[in-house]
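J.:
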Amino acid sequence: MGDLGLFLILLFFAVLFISQALLLPVAGQKARHGELTKRLKHAQKKLDEESLSLLHEYYLKEMTPFERKMIKIPIFAKLKKMLELSGTHITLGKLIGWTVFASFVVAGISIYLGQLWYISLALFIAVYVIVHMVIQKKISHRLQKFEEQLPEGLDMIKRVLQAGQPINQAFKEVGEEMPEPIGTEFKKTFNLLNFGYDMRLAILQMVDRTPTISMLAFSSAVILQAETGGNLTENLDKVSKVLRARFKLSRKIRTLSAEARLSSWILVLSPFALYVVTMFINPEHADLLISDPRGITAVSFGIVSLAIGSLWIRRIINIKV
1 MGDLGLFLIL LFFAVLFISQ ALLLPVAGQK ARHGELTKRL KHAQKKLDEE SLSLLHEYYL
61 KEMTPFERKM IKIPIFAKLK KMLELSGTHI TLGKLIGWTV FASFVVAGIS IYLGQLWYIS
121 LALFIAVYVI VHMVIQKKIS HRLQKFEEQL PEGLDMIKRV LQAGQPINQA FKEVGEEMPE
181 PIGTEFKKTF NLLNFGYDMR LAILQMVDRT PTISMLAFSS AVILQAETGG NLTENLDKVS
241 KVLRARFKLS RKIRTLSAEA RLSSWILVLS PFALYVVTMF INPEHADLLI SDPRGITAVS
301 FGIVSLAIGS LWIRRIINIK V
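Here full-length UniProt numbering is used: the first residue of the sequence shown is 1, the next is one more, and so on.
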């Protein structure tokens with residue numbers, strides 16, 4: 001029973017991690033945290049102490065007292081940031097509570113069924129891994145959708161500016177007319193500007209909530225115009241064209257790499273499919289793989305090799321645009 005449980009756990013993690021390695025977003029990849037953090041810190045250095053205080057105050061205002069205490073711990077602060085990026089409408093406290101509860105329930109069921117301690121521990125950890133992957137998937141999907149909507153949003157801003165309206169009104173129009181997530185983000189930025197926040201401060205907040213390369217390009221154009229002047233309409237038109245060309249190229253790369261990704265899936269899933277077929281053709285032979293310790297060792301090495309190969313293939317076909 002123990003060997004079978006271990007085999008099933010290894011199989012579960014293999015399929016889970018390998019599928020994550022082979023699934024590629026179109027263009028909604030989050031900007032590198034290191035690069036983005038450097039740019040934000042460099043921009044925030046130019047803000048006065050009062051503006052930085054407002055920035056921190058606005059961030060804390062939307063949290064519960066419990067969350068304010070929790071984010072003092074780095075790991076919970078990172079988790080809170082991930083929840084914001086994913087657009088998930090759940091508090092940090094509820095997420096932690098439900099995750100801990102689910103982990104103990106799964107581990108308890110495993111112990112009740114007589115599984116070995118390391119299998120129960122693996123299942124306990126698996127709940128946290130799954131929650132983390134679900135949040136990451138939501139982040140990727142939300143940022144991808146934001147990048148798809150941004151060129152259209154820039155065109156709307158350009159039309160409002162050409163009509164002689166201020167940029168605040170342009171942000172309001174985008175917030176009211178466009179769907180989630182870009183509509184929500186521009187509506188939040190408009191509210192900040194209405195409350196008297198500096199343009200740079202409001203844009204930095206928006207970049208922090210949607211850390212994508214496209215958003216960095218848009219924020220740079222707006223902040224540069226606010227500081228040095230110039231034709232913002234013309235700048236936004238150029239940014240919009242560049243973003244559309246970038247997204248088109250990303251789609252083209254995804255199409256051209258489809259054959260490689262399909263081959264990867266076939267290579268990865270064929271051992272599991274072969275094992276299932278063997279179970280029907282010769283069950284005794286297939287049973288040796290999970291009943292003999294050498295079979296478990298072979299499966300473990302095979303899964304590690306598949307994971308390494310999948311990550312290697314991902315690096316080859318995941319071309320940054």
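In this text, a Cβ means the ideal position worked out from N, Cα and C, and glycines have one as well.
Being a predicted model, the structure only gives us computed values, none of them experimental.
Whether or not the segment 140-152 and the segment 73-88 are in contact is what I'm after, with contact meaning three or more pairs of Cβ atoms, one per stretch, closer than 8 Å; do they touch?
T.: Touching, yes.
J.: Considering just the uninterrupted stretch of the alpha helix (DSSP H) at Q225, what are its terminal residues?
T.: Q225 -> alpha helix (DSSP H) spans 213-228.
J.: Which residues mark the beginning and the end of the alpha helix (DSSP H) in which F272 is found?
T.: Looking at the DSSP string, the run of the alpha helix (DSSP H) that includes F272 is 258-281.
J.: Have a look at W98, P65, M215, S220 and flag the residue whose alpha-carbon is nearest the alpha-carbon of I182.
T.: Checked all of W98, P65, M215, S220; the closest Cα to I182 is M215.
J.: What's the call for N235, buried or exposed, on a 16-neighbour Cβ count within 10 Å?
T.: Counting Cβ neighbours within 10 Å, N235 comes out buried, since at least 16 surround it.
J.: To which residues of the same chain is Q169 closer than 8 Å at the C-beta, ignoring the five residues directly before and after it?
T.: Contacts found: V160.
J.: Does the distance from the CB of M156 to the CB of E185 come in under 8 Å?
T.: Not closer than 8 Å, so no.
J.: Hey, how far is the Cα of R254 from the Cα of W265?
T.: Approximately 15 Å, taken between the alpha carbons.
J.: Could you tell me if G230 is buried or exposed, where buried requires 16 or more neighbouring beta carbons within 10 angstroms of its beta carbon?
T.: Per the 10 Å Cβ criterion, exposed.
J.: Shortest alpha-carbon distance to L267 belongs to which of R246, G302, L204?
T.: Comparing Cα-Cα distances from L267 to each of R246, G302, L204, the minimum goes to G302.
J.: Using 10 angstroms around the beta-carbon of Y118, count the other beta-carbons present and answer buried if the total reaches 16, otherwise exposed.
T.: So Y118 counts as exposed.
J.: For the segment 240-257 and the segment 285-300, state whether three or more C-beta atom pairs, one from each stretch, are separated by less than 8 Å.
T.: No, the segment 240-257 is not in contact with the segment 285-300.
J.: Would you mind reading off the limits of the alpha helix (DSSP H) that contains E148?
T.: Run containing E148: 117-162, per the alpha helix (DSSP H) assignment.
J.: Taking the alpha helix (DSSP H) that Q205 falls in, what are its first and last residues?
T.: Looking at the DSSP string, the run of the alpha helix (DSSP H) that includes Q205 is 199-209.
J.: From which residue to which residue does the alpha helix (DSSP H) around N191 run?
T.: Residues 182-194.
J.: Specify, as a first and last residue, the run of the alpha helix (DSSP H) that residue 354 falls within.
T.: Not covered by the structure: residue 354. The range shown for the chain is 1 to 321.
J.: Label I316 either buried or exposed according to how many other C-beta atoms from any shown protein chain fall within 10 Å of its C-beta, with 16 as the threshold for buried.
T.: By the neighbour-count rule (16 or more Cβ atoms within 10 Å), I316 is not buried but exposed.
J.: I'd like to know whether the C-beta atoms of L243 and L311 end up nearer to each other than 8 Å.
T.: No, these two residues do not count as a Cβ contact at 8 Å.
J.: I need the straight-line Cα distance from E148 to F247, nearest angstrom please.
T.: Spanning the two alpha carbons is a distance of roughly 8 Å.
J.: Under 8 Å between the Cβ atoms of K81 and L92?
T.: In this structure, L92 does not lie closer than 8 Å to K81 by Cβ.
J.: Could you give the DSSP three-state label for P179: helix, strand or coil?
T.: Correct three-state label for P179: coil.
J.: Taking 8 Å as the threshold (C-beta atoms), are A221 and V239 in contact?
T.: In contact: V239 and A221 (Cβ atoms closer than 8 Å).
J.: Between the alpha carbons of T233 and K158, how many angstroms are there, rounded?
T.: The alpha-carbon atoms of T233 and K158 are separated by roughly 5 Å.
J.: State the Cα-Cα distance for the pair A122 and S305, rounded to the nearest angstrom.
T.: Cα-Cα distance, rounded: 20 Å.
J.: In the DSSP assignment, find the unbroken alpha helix (DSSP H) run with G295 in it and report its ends.
T.: Where G295 is concerned, the enclosing alpha helix (DSSP H) stretches over 293-317.
J.: Expressed to the nearest angstrom, what Euclidean distance is found between the alpha-carbon atoms of S110 and A126?
T.: Roughly 12 Å between the two C-alpha positions.
J.: Please report the Cβ distance between I313 and A260, rounded to the nearest whole angstrom; I am assuming they are in contact, meaning their Cβ atoms lie under 8 Å.
T.: At roughly 7 Å, the Cβ-Cβ gap stays under 8 Å, so I313 and A260 are in contact.
J.: Identify the continuous alpha helix (DSSP H) that holds T99 and give its terminal residues.
T.: From DSSP, the alpha helix (DSSP H) with T99 extends over 92-112.
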